[in-house]
Amino acid sequence: MKRSEPANLLTRRSVLAGLGAGFVLVSMPVRADDASVAEAIEAAFGDAPRTDGRIAMTLPPLAESGNTVPLTVSIESPMTEADSVKRVMIFANRNPRPLIATMAFGPKAAKAEFSTNIRLSGTQDVIAIAEMTDGTIYQAQVRVMVTVGACDTLKIRF
């Protein structure tokens, strides 16, 4: 004989399926959007005007994996007391955390340049913003196409 269940009661199976689906949604990484990147930039630099120029940013146009993307940033500056780089911040508009790195340069730095590897969660724009000692702010932006995002590799391994 078949046991009939009332239609309005939840079964143990449906409750467990709902909890499992909720856990998957909560554990999924949240990606930043252009608004959250703008908020992060405004928190760091206020509403000061940003101009293009003086920043050379080297990134591959196509990255096979987002786990290791080489980045080189150099800023044209004589690095004197009157004209030097105070700090450089790197942002990515689709990473779960838009701020990737902050580099500070002291008064004895001979050259405003650095190289590092960054992680990217997918195809996106990478933004470098440099603040000079006189308060001037420069910006550069490069689009990187990523074949497999850094956050997507965990899905492939399991």
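Numbering-wise, the sequence shown is residues 18 to 175 according to this note's numbering.
No residue lacks a Cβ here, since even glycine has one placed at the ideal position from N, Cα and C.
Item	Value
Name the two residues that bound the continuous beta strand (DSSP E) containing ASN134.	130–135
Leaving out five residues before and five after SER44 in sequence, what residues of the same chain have Cβ atoms less than 8 Å from its Cβ?	Because SER44 carries a pLDDT of 42, less than 50, the predicted location of this residue cannot be relied on, and the following value inherits that uncertainty. Result list for SER44: empty, nothing under 8 Å.
With a cut-off of 8 Å, do at least 3 Cβ pairs link the segment 61–81 to the segment 89–107?	yes
Where do the N-terminal and C-terminal ends of the beta strand (DSSP E) with MET96 fall, by residue?	Taken as a continuous stretch (DSSP letters only), MET96 belongs to no beta strand (DSSP E), as it is neither H nor E.
What residue range is occupied by the uninterrupted beta strand (DSSP E) comprising ALA118?	116–121
Quick test of the definition: if touching needs 3 or more C-beta pairs under 8 Å, does the segment 116–128 touch the segment 157–169?	no
Grouping DSSP H, G and I as helix and E and B as strand, with all else coil, what is SER53?	helix
Tell me, which residues are paired with ASP177 by DSSP?	No answer is possible for residue 177: the residues shown for the chain start at 18 and end at 175.
Which residues bound the beta strand (DSSP E) around LEU79?	79–82
Report yes if the CB atom of GLY83 is closer than 8 Å to the CB atom of LEU137, and no otherwise.	yes
Looking only at its own chain, which residues have a Cβ that is under 6 Å from the Cβ of VAL163, when we skip the five neighbours before and after it?	ALA80, GLY83, LEU137, GLY139 and THR140
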